[in-house]
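Engineer:
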């Protein structure tokens, strides 16, 4: 009986971690004008001397896994990675040099939902 309780307790602890890895429940979402405005606000907050009107047309990817939202949007020459925990504002995670790595956005979104293509190691490039 103690073994069963221990197994159930370990499973309960491990379940949220498994979801946080982004292996299940990836969901592609429409980047509405409100989402793009939030991404633009996060971008300009991180780059106060830069003026942008919004992400480049056709270069915004947006999705959700386990309540966390992720976006990749291009404001200049290369994509920028954003994240948003439930009930929070967008946060700029990283300006890239072209590739988006799985350490920032789950592969289930990058490959499974957005069709990014493998580049090197755990990094991916936008679909053509």
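In this note's numbering, the protein residues as written are 9 to 136.
Glycine included, each C-beta is placed from N, C-alpha and C at the ideal position.
Could you compute how far the alpha carbon of residue 111 sits from the alpha carbon of residue 130?
Structural biologist: For the purposes of this step, residue 111 is taken as residue 103 along the chain shown, with counting starting at 1. For the purposes of this step, residue 130 is taken as residue 122 along the chain shown, with counting starting at 1. The alpha-carbon atoms of residue 111 and residue 130 are separated by roughly 8 Å.
Engineer: Tell me which residues share the same chain as residue 77 and place their Cβ nearer than 6 Å to its Cβ, disregarding the 5 neighbours each side in the sequence.
Structural biologist: Here residue 77 refers to the residue found at position 69 when the chain shown is read from its first residue. The residues are 92.
Engineer: Hey, residue 70 and residue 107 are a contact pair by Cβ (cut 8 Å); roughly how many whole angstroms apart?
Structural biologist: Taking the chain shown and counting its residues from 1, the one referred to as residue 70 is at position 62. Taking the chain shown and counting its residues from 1, the one referred to as residue 107 is at position 99. 19 Å between Cβ atoms; not a contact.
Engineer: Return yes when the Cβ of residue 86 is within less than 7 Å of the Cβ of residue 105, no when it is not.
Structural biologist: Walking along the chain shown from the start, residue 105 turns up at place 97. Walking along the chain shown from the start, residue 86 turns up at place 78. Yes, the pair counts as a contact, with Cβ atoms nearer than the cut-off.
Engineer: According to DSSP, which residues form a beta bridge with residue 44?
Structural biologist: Stepping through the chain shown from its first residue, residue 44 is reached at position 36. For residue 44, which the question treats as bridged, DSSP gives no partner whatsoever.
Engineer: Is it buried or exposed for residue 60, if we count other Cβ within 10 angstroms and need 16 for buried?
Structural biologist: Residue mapping note: residue 60 aligns to position 52 of the chain shown, counting from 1. When all chains shown are included, residue 60 counts as exposed.
Engineer: Please report the straight-line C-alpha distance between residue 37 and residue 128, rounded to a whole angstrom.
Structural biologist: Along the chain shown, one-based indexing puts residue 37 at 29. Along the chain shown, one-based indexing puts residue 128 at 120. Spanning the two alpha carbons is a distance of roughly 26 Å.
Engineer: Grouping DSSP H, G and I as helix and E and B as strand, with all else coil, what is residue 119?
Structural biologist: As a first step, residue 119 is located in the chain shown; it is residue number 111 there, counting from the start. It is helical.
Engineer: For residue 35, write down the residues that DSSP places opposite it in a beta bridge.
Structural biologist: Start at 1 with the first residue of the chain shown, and residue 35 comes out as number 27. In DSSP, residue 35 forms a bridge with 72.
Engineer: How about residue 81 and residue 63: are their beta carbons less than 7 Å apart?
Structural biologist: Reading the chain shown from its first residue, position 73 is the one you call residue 81. Reading the chain shown from its first residue, position 55 is the one you call residue 63. Yes, the Cβ-Cβ distance between residue 81 and residue 63 is below 7 Å.
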